[in-house]
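Here the structure comes first, spelled out in structure tokens, and everything after it is commentary.
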Amino acid sequence: MTTYIYLEVTKANINDHQGLKATNAIIFHLMLPPRQIATIKKRKEVCHVISTRIVITCILSKLKVAVTACVSTTQKFSDHIVKFSTVNFQVGINNLYSFKSSGKFVCEIPGLYYISAQIRTRDDNYDFCVRKNGKIIASSRSDSGDTLSANPISAVVELQLKDTLYVYAFNVRIGSYSCLSIMKVN
Numbered sequence: 001m002t003t004y005i006y007l008e009v010t011k012a013n014i015n016d017h018q019g020l021k022a023t024n025a026i027i028f029h030l031m032l033p034p035r036q037i038a039t040i041k042k043r044k045e046v047c048h049v050i051s052t053r054i055v056i057t058c059i060l061s062k063l064k065v066a067v068t069a070c071v072s073t074t075q076k077f078s079d080h081i082v083k084f085s086t087v088n089f090q091v092g093i094n095n096l097y098s099f100k101s102s103g104k105f106v107c108e109i110p111g112l113y114y115i116s117a118q119i120r121t122r123d124d125n126y127d128f129c130v131r132k133n134g135k136i137i138a139s140s141r142s143d144s145g146d147t148l149s150a151n152p153i154s155a156v157v158e159l160q161l162k163d164t165l166y167v168y169a170f171n172v173r174i175g176s177y178s179c180l181s182i183m184k185v186n
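Each residue of the sequence shown is one higher than the one before, starting from 1 at the first, in full-length UniProt numbering.
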């Protein structure tokens, strides 16, 4: 069961944020599993409450988000987006089913993220890339010839709410145990 935590903002605080007008409004919410709620409440108490924006930033910077997943069997992907359907570890991700089925990591908690992928293939001279919202942010090329090679890709990227990250491999046979890790670092 997913529980919502709402941060309420009063009129005085809203006026500090871009001049929005209202007597009481909710400007932000987080979806969190129940086990994280107590931790967030404790962390919120140690944040300096200068403004609602500071509290939100403080809470977001302390949330953990990470996933490590691998390709289950050697295959080509018709849409060229690699599906890492075997999840070995995850924390702080509510849309895990979507990630496993689409291959796209959708940012739920804004911040600075590290992404690392290792693509295994026997195909020679094929490009792989990590894309953020469709734009290439890192790439690698296979050089395996007749042997299986592991081709690394890594990047650090700033993500906002609903930004997407995914590995794109055009017409390449991706080997099992090709893996991806994404981790929020700040």
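We put the CB at the ideal spot given by N, CA and C, even for glycine.
| Check | Outcome |
| --- | --- |
| Ordered list of beta strand (DSSP E) runs contained in the stretch 91 to 150, each at least 3 residues | 111 to 121, 124 to 132, 135 to 143 |
| For Lys64, three-class secondary structure by DSSP | coil |
| Exposure label - Gly175; buried when at least 16 CB within 10 Å | buried |
| Buried versus exposed, by CB contacts within 10 Å (16 or more), Ser178 | buried |
| Residues near Val185 by beta carbon distance below 6 Å, same chain, minus five either side | Leu112, Tyr114 |
| Selected residue, minimal CA-CA separation from Tyr168, among Gln90, Val156, Ser102 | Ser102 |
| Burial state of Phe170 (16 or more Cβ within 10 Å) | exposed |
| Contacts around Thr164, its chain only, beta-carbon distance under 6 Å, and the 5 residues preceding and following it disregarded | Lys104, Val106, Asn133 |
| Residue of Asn95, Ile81, Tyr126 minimising C-alpha distance to Leu161 | Asn95 |
| Member of Ile119, Arg173, Thr147, Tyr126 whose CA lies at the smallest distance from the CA of Ile153 | Ile119 |
| For Cys129 and Ser78, the rounded distance between their alpha carbons | 16 Å |
| Which listed residue (Pro110, Thr74, Phe99) has its alpha carbon closest to that of Val67 | Phe99 |
| Counted within 10 angstroms of its Cβ, other Cβ atoms place Asn151 as buried (16 or more) or exposed | buried |
| Counted within 10 angstroms of its Cβ, other Cβ atoms place Phe84 as buried (16 or more) or exposed | buried |
| Through-space distance from His80 to Lys44, alpha-carbon basis | Unreliable placement is indicated for Lys44, whose pLDDT of 48 sits below 50; the coordinate value is still reported in the next sentence. Taking the straight line from one Cα to the other gives about 42 Å. |
| Proximity of Arg141 and Tyr166 at Cβ, strictly below 8 Å | no |
| Of the listed residues Leu63, Val156, Arg173, Val172, nearest to Ser116 (C-alpha basis) | Val156 |
| Euclidean distance between Cα positions of Val82 and Met183 | 18 Å |
| C-beta contact flag for Val65 and Val91 at 8 Å | yes |
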